[in-house]
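A.B. asks:
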Amino acid sequence: MARFTVPRDVYFGEGVISELKNLEAKKAVLVIGGGAIRTTGVLEKIENNLKEAGIETRVIEGVESDPSVETVMKGVEVLNEFGPDLIVGIGGGSPIDAAKAMWIFYEHPNFTFEEAAKPFNLPTLRTKARFVAIPTTSGTGTEVTSFSVITDNKTGVKYPIADYNITPDMAIVDTDMAQTMPASLVAHTGMDALTHSFEAYASTVRNAFTDALAMKSIEMIKENLIESYKGDRDARSEMHIAQCLAGMSFSNAILGIVHSMAHKTGKIFSIPHGCANAIYLPYVIDFNRKEAGAIYADIARRLGLAGSSEDELVDSLVEMVQDFNKEMNIPSTLKEFGVSEEDFNSSLNEIAAGAVGDPCTGTNPREISVEEMKQLFICTYNGEKVNF
């Protein structure tokens, strides 16, 4: 039996933030990251809409780029004191992920992160509050996913939470929110979204629903990513929708080793998540082609890329990804990004073992050993062709 889960309501398009006026609640806590949400006027707009609905609000701010256990538990203290019946995560993946985790421990104070990190092990939510997600970046798709990742800064342990219970009740994908992103963020989040779709389409648990969403997202990203990077308003709107479709797909089909590699190297090498995905993606396509060549060729064929054989089509797909990276000034290797040879070599065993053990590795179309993962990392460091 297969399952497909997305939020009950997804509002998308220009100005749909006004749907907040129609919500029924008494108190709402808004979870945000840095000051950009305030300076761009987004927070004020959200607060005004909720005020018009007669909802009292309180703000939790300062969620870091890798949400921490400490941040989550401080947020839970606010939730317990204020007693909201609505939680609103606003921003990129980090504030929304943090808000999801706060929600869990607000509803179940005696639950632990160790229990939460067991896949699909959460108790029933929505006994105290419902959850609304409002993305302001175009990449993570977390507004429609059943995932959250929280880090214990004291131990370095990451808690990947995966459970359909934390799929938001409502996602508000307002395309106006995507217009103020700096070009580098457009590049990184756009490649993150493309990776989500590619990995969902090649996943070992893909299905007809996830394939349809992933392929449509890939088509939209191909058409709009570069123009979005250049600042085109319509292209940025299309990318905001495309990343949401990608999120719906990978939330149900899971991901692959591009994300496994990015998860284990983002913090240690200080690589933004989307940038890491962009670097690894072409190398992973080459690695996976032994098992998933027909799948990648299908993507290339649907995109109208050149090639009359499977190998030629996959080569064209790899080239397309590489061209995107070049046009958006994304490094092609870890060395080019600035990772020193000393740091890379000293970390290689750790990141290879960690990536193989990452939850995303289980749905990658080709199995990989620790030794193969080490070799794959070496290829991405030096820019070598993957031929094993």
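Those letters in the sequence shown? Residues 0 to 387, per numbering that gives the first Met the number 0, in order. Cβ atoms here follow ideal geometry from the backbone N, Cα and C, with glycine treated the same way. Please read all numbers here as calculations on a predicted model, not as lab measurements.
#1: In chain order, which beta strand (DSSP E) runs of at least 3 residues are fully inside the segment 11–93?
#2: Return the CA-CA distance between residue 374 and residue 355, expressed in angstroms with no decimal places.
#3: Residue 133 by DSSP, collapsed to three states: which one?
#4: Looking only at its own chain, which residues have a Cβ that is under 8 Å from the Cβ of residue 364, when we skip the five neighbours before and after it?
#5: Given this structure, state the Cα-to-Cα distance separating residue 115 from residue 304, to the nearest angstrom.
#6: Could you give the C-beta distance for residue 45 and residue 89, rounded to a whole number, given that I count them as a contact under 8 Å?
#7: Can you say whether residue 101 is buried or exposed, counting buried as having 16 or more other CB atoms within 10 angstroms of its CB?
#8: In three-state terms, what does DSSP make of residue 373?
#9: Along the chain, which unbroken stretches of the beta strand (DSSP E) at least 3 residues long are found entirely within the segment 134–199?
#10: Does DSSP classify residue 388 as helix, strand or coil?
#11: Would you tell me roughly how many angstroms separate the C-alpha atoms of residue 58 and residue 331, rounded to the nearest one?
#12: So, are the CB atoms of residue 227 and residue 219 less than 8 Å apart?
#13: Are residue 163 and residue 147 close, meaning C-beta to C-beta below 8 Å?
#14: What span of residues does the alpha helix (DSSP H) with residue 209 cover, start to end?
#15: When you compare each of 346, 301 and 276 to residue 321 by their alpha carbons, which one comes out closest?
#16: In this structure, what does DSSP give as the bridge partners for residue 257?
#17: Taking all protein chains shown into account, decide if residue 391 is buried (16 or more other Cβ within 10 angstroms of its Cβ) or exposed.
#18: Can you give me the start and stop residues for the alpha helix (DSSP H) that residue 312 sits inside?
#19: To which residues of the same chain is residue 13 closer than 8 Å at the C-beta, ignoring the five residues directly before and after it?
#20: Please name the residue in 28, 33 and 181 whose C-alpha comes closest to that of residue 50.
#21: In or out: residue 251 buried (at least 16 other Cβ within 10 Å) or exposed?
#22: Looking only at its own chain, which residues have a Cβ that is under 8 Å from the Cβ of residue 63, when we skip the five neighbours before and after it?
#23: Give the single residue among 48, 249, 314 and 245 whose Cα lies nearest to the Cα of residue 385.
#24: When the Cβ atoms of the segment 206–221 are set against those of the segment 0–14, are three or more pairs found closer than 8 Å?
#25: Find the nearest neighbour of residue 86 within the set 60, 121 and 131, judged by alpha-carbon distance.
#26: Sort 156, 270 and 196 by Cα distance to residue 241 and report the nearest one.
#27: Can you check DSSP and say which residues form a bridge with residue 285?
#28: Exposed or buried, residue 135, counting other C-beta atoms within 10 Å across all chains shown (16 or more means buried)?
#29: Run through DSSP, which three-state label would residue 357 get?
#30: Check whether the Cβ atoms of residue 150 and residue 280 lie closer than 8 Å to each other.
#31: For residue 121 and residue 111, what's the separation of their Cα atoms in angstroms?
#32: According to DSSP, residue 342 sits in a beta bridge with which residue or residues?
#33: Round the Cβ separation of residue 333 and residue 278 to the nearest angstrom and send it over; I've been treating them as touching at under 8 Å.
#34: The alpha helix (DSSP H) spanning residue 240 covers which residue range?
C.D. replies: Quick answer:
#1: 26–30, 55–59 and 85–90
#2: As a first step, residue 374 is located in the sequence shown; it is residue number 375 there, counting from the start. As a first step, residue 355 is located in the sequence shown; it is residue number 356 there, counting from the start. Their backbone Cα atoms lie some 12 Å apart in a straight line.
#3: Within the sequence shown, the letter at position 134 stands for residue 133. DSSP places residue 133 in strand when its eight states are reduced to three.
#4: For the purposes of this step, residue 364 is taken as residue 365 along the sequence shown, with counting starting at 1. Same-chain partners within the cutoff: 201, 202, 203, 255, 287, 290, 291 and 294.
#5: As a working note, residue 115 is residue 116 in the sequence shown. As a working note, residue 304 is residue 305 in the sequence shown. Spanning the two alpha carbons is a distance of roughly 43 Å.
#6: The sequence position of residue 45 within the sequence shown is 46, counting from 1. The sequence position of residue 89 within the sequence shown is 90, counting from 1. Contact flag correct, Cβ pair sits at about 7 Å.
#7: The sequence position of residue 101 within the sequence shown is 102, counting from 1. Counting Cβ neighbours within 10 Å, residue 101 comes out buried, since at least 16 surround it.
#8: Reading the sequence shown from its first residue, position 374 is the one you call residue 373. If DSSP states are grouped into helix, strand and coil, residue 373 belongs with the helices.
#9: 146–150, 157–161 and 169–173
#10: Given that the chain is displayed from residue 0 to residue 387, the structure contains no residue 388 and the question cannot be resolved.
#11: In the sequence shown, the residue the question calls residue 58 occupies position 59. In the sequence shown, the residue the question calls residue 331 occupies position 332. Near 40 Å, if we compare the C-alpha coordinates of residue 331 and residue 58.
#12: On the sequence shown, position 228 is the one that residue 227 refers to. On the sequence shown, position 220 is the one that residue 219 refers to. No; because the gap between Cβ atoms is not below 8 Å, this pair is not in contact.
#13: Sequence index remark: in the sequence shown, residue 163 carries index 164 (1-based). Sequence index remark: in the sequence shown, residue 147 carries index 148 (1-based). No, Cβ-Cβ distance for residue 163 and residue 147 is not below 8 Å.
#14: Mapped onto the sequence shown, residue 209 falls at position 210. Note, residue 209: alpha helix (DSSP H), 207–229.
#15: As a working note, residue 321 is residue 322 in the sequence shown. When each option's Cα is compared against that of residue 321, the closest is 276.
#16: The count along the sequence shown starts at 1 and reaches residue 257 at position 258. According to DSSP, which records beta bridges pairwise, residue 257 is partnered with nothing at all.
#17: This structure cannot speak to residue 391, because the chain is shown only from 0 to 387.
#18: Along the sequence shown, one-based indexing puts residue 312 at 313. Where residue 312 is concerned, the enclosing alpha helix (DSSP H) stretches over 309–326.
#19: For this step, residue 13 is matched to residue 14 along the sequence shown. Correct list, in chain order: 173, 174, 175 and 236.
#20: The sequence position of residue 50 within the sequence shown is 51, counting from 1. The residue with the shortest Cα to Cα distance from residue 50 is 28.
#21: Within the sequence shown, numbered from 1, the residue matching residue 251 stands at position 252. Classification of residue 251: buried, given that the 10 Å Cβ count is 16 or more.
#22: For this step, residue 63 is matched to residue 64 along the sequence shown. Excluding positions up to five away in sequence, the list reads 32, 70 and 93.
#23: Along the sequence shown, read from residue 1 onward, the residue named residue 385 stands at position 386. Comparing Cα-Cα distances from residue 385 to each of 48, 249, 314 and 245, the minimum goes to 314.
#24: yes
#25: Position 87 of the sequence shown, counted from the start, is the residue given in the question as residue 86. Among 60, 121 and 131, the Cα nearest to that of residue 86 belongs to 131.
#26: Numbered from 1 along the sequence shown, position 242 holds the residue referred to as residue 241. Of the listed residues, the one whose Cα sits closest to residue 241 is 196.
#27: As a first step, residue 285 is located in the sequence shown; it is residue number 286 there, counting from the start. Answer is none; residue 285 lacks a bridge partner.
#28: Against the sequence shown, residue 135 aligns to sequence position 136. Result: buried.
#29: Against the sequence shown, residue 357 aligns to sequence position 358. It is coil, neither helix nor strand.
#30: What you label residue 150 is simply residue 151 of the sequence shown in a count that begins at 1. What you label residue 280 is simply residue 281 of the sequence shown in a count that begins at 1. Contact: no.
#31: Taking the sequence shown and counting its residues from 1, the one referred to as residue 121 is at position 122. Taking the sequence shown and counting its residues from 1, the one referred to as residue 111 is at position 112. Going from the Cα of residue 121 to the Cα of residue 111 covers about 10 Å.
#32: One-based indexing of the sequence shown puts residue 342 at position 343. DSSP lists no partner for residue 342.
#33: Counting from 1 along the sequence shown, the entry for residue 333 is found at position 334. Counting from 1 along the sequence shown, the entry for residue 278 is found at position 279. Right, the Cβ-Cβ distance comes to about 7 Å (below 8 Å), so this counts as a contact.
#34: Here residue 240 is taken as the residue at index 241 of the sequence shown, counted from 1. Element bounds for residue 240: 232–252.
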